[in-house]
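Trainee:
Protein chains: 2
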Amino acid sequence: MMNKERKIELFKEKCQTKGIKLTPQRLLIYEELINSTEHPTAERIYSSITQKFPTISLDTVHRTLETFCTIGVATMAEGLGNSKRFEGNMDNHHHVHCVQCGMIHDVYDANYDQLLVPPQVSQEFKILKKIVHLEGICRKCQTEYENMD
Amino acid sequence: MMNKERKIELFKEKCQTKGIKLTPQRLLIYEELINSTEHPTAERIYSSITQKFPTISLDTVHRTLETFCTIGVATMAEGLGNSKRFEGNMDNHHHVHCVQCGMIHDVYDANYDQLLVPPQVSQEFKILKKIVHLEGICRKCQTEYENMD
DNA sequence: TTCTTAAATAAGAATAATTCTTATTTAAGT
DNA sequence: ACTTAAATAAGAATTATTCTTATTTAAGAA
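Going line by line, the protein sequences match chains A and B. Heads up: the first sequence begins at 1181 in the numbering used here, then just goes up one per residue. Heads up: the second sequence begins at 1181 in the numbering used here, then just goes up one per residue.
(1) Tell me, please, which residues DSSP counts as bridged to residue 1274 of chain A.
(2) Compare the beta carbon distance of residue 1210 of chain A and residue 1268 of chain B with 9 Å and say whether it is the shorter of the two.
(3) Taking the beta strand (DSSP E) that residue 1309 of chain A belongs to, which residues open and close that run?
(4) Counting only beta-carbon separations shorter than 9 Å, does residue 1317 of chain B have a partner in chain A?
(5) Would you list the one or two residues that DSSP bridges to residue 1267 of chain B?
(6) Taking all protein chains shown into account, do 16 or more other C-beta atoms lie within 10 angstroms of the C-beta of residue 1193 of chain B, making it buried, or fewer, making it exposed?
(7) Do residue 1280 of chain B and residue 1317 of chain B have their C-beta atoms closer together than 9 Å?
(8) Counting contacts by CB-CB distance shorter than 9 Å, is residue 1293 of chain B in contact with chain A?
(9) Spell out whether any CB of chain B is found under 9 Å from the CB atom of residue 1255 of chain A.
(10) Name the chain A residues whose beta carbon is nearer than 7 Å to that of residue 1271 of chain B?
(11) I'd like to check one pair, residue 1251 of chain B with residue 1241 of chain B: are the Cβ atoms closer than 9 Å?
(12) On a CA-only basis, which of A:1299, A:1291, A:1309 and A:1321 is nearest residue 1305 of chain B? Give me that one, please.
(13) Using a C-beta cutoff of 9 Å, does residue 1248 of chain B count as contacting chain A?
(14) Would you say residue 1328 of chain B lies against chain A (beta-carbon separation less than 9 Å)?
(15) Mind checking the stretch 1299-1315 of chain B against chain A and listing, in chain order, the residues whose C-beta falls within less than 7 Å of any C-beta there?
(16) For chain B, is any of its Cβ atoms less than 9 Å away from the one on residue 1251 of chain A?
(17) Since residue 1237 of chain B is in the alpha helix (DSSP H), which residue starts that stretch and which ends it?
(18) For residue 1328 of chain B, I'd like the list of residues in its chain whose CB is within less than 7 Å of its CB, leaving aside the five on either flank, ordered along the chain.
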């Protein structure tokens, strides 16, 4: 955990080293993001910013958040793409998700099944589901990337 | 793990006990769901079914999958609602998600941080992220439900 | 078996989230 | 100040999901 001024400093350096421009939009979006604890959507950030910066477009917020993930100053909370995914497998299991092709595989692991919910969480939530969510690139997509130069 | 005939039998019983009608659409969707290992979207199931049952509507597939989750014969793979959620917190942490109001809280837990990736997974995937995803109902939403009668 | 009725469905409109296209603007190095 | 590739704004397009309403049907009752 570090203070916000320091994070912003590092953000600016990151833009430098990654060779992307430090625009007022990007700075505002970054500030909004790190000031929020609510894991905001693009739309949510857009509405907050639109007060101070009325000409910004929602598309820019989307693109910018994507860029932030790419350069490693933000992440997208776990999710499985834009569509809901369903399964009829009600056995206790976990998931690994290829962020490239979207494939989800089931993971069976006894250690994962035994995870305990921390007391400070179970005090505040009635927990309905515990799952270990792994994200990565599947072998097939790795190969495709290799051949891509 | 049980065979499909048995699952379908149990599905029919569940419809009975839950008092929902056993329609041809529901049966087809259920069969399609348990025959698939790909954690399909509503759209995906719709296209598979539309061959055998050309008059089915996509909306029915959506509603039906929702119903299946409610009666406990299917689940929606972990996700955080219809919108992407972002965060600037790059420290190692985990999430608990209220499925009612959508709130996400960060969870810090040393045990969660030490999870190992099973070999059969790391052989097939380059893992980029490991997160424990908890789902439940937050205290506030629990209270609101109590007062709802 | 036929009748009844609440539940379920189909169709299409509506809404919501995200991405694309294109013309214009601008950050940042020269 | 000049140049230029990158970034942005605006609006259209696409994709996912939900809503509305009229019709159909499963399943229990007669």
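Just so it is clear, CB atoms sit at the ideal spot from N, CA and C, and this is done for glycine as well.
Mentor: The answer reads as follows:
(1) A:1287
(2) yes
(3) 1305-1318
(4) Chain A, which has a Cβ nearer than 9 Å to the Cβ of residue 1317 of chain B, makes this yes.
(5) Residue 1267 of chain B is bridged by DSSP to A:1255.
(6) exposed
(7) yes
(8) no
(9) yes
(10) 1181
(11) no
(12) A:1321
(13) Yes, residue 1248 of chain B counts as interfacial toward chain A.
(14) Residue placement at residue 1328 of chain B is flagged as unreliable, the pLDDT there being 45, under the threshold of 50; the coordinate-derived value follows with that caveat. Not closer than 9 Å to any Cβ of chain A, the Cβ of residue 1328 of chain B fails to qualify, so no.
(15) Correct list: 1301, 1304, 1305, 1306, 1307, 1308, 1309, 1310, 1311, 1312, 1313, 1314 and 1315.
(16) no
(17) First-last for residue 1237 of chain B: undefined, no H or E at that position.
(18) Note that residue 1328 of chain B scores 45 on pLDDT, short of 50, meaning its location in the model is unreliable; the coordinates nonetheless yield the value given after this. Cβ neighbours of residue 1328 of chain B beyond the five flanking positions: none.
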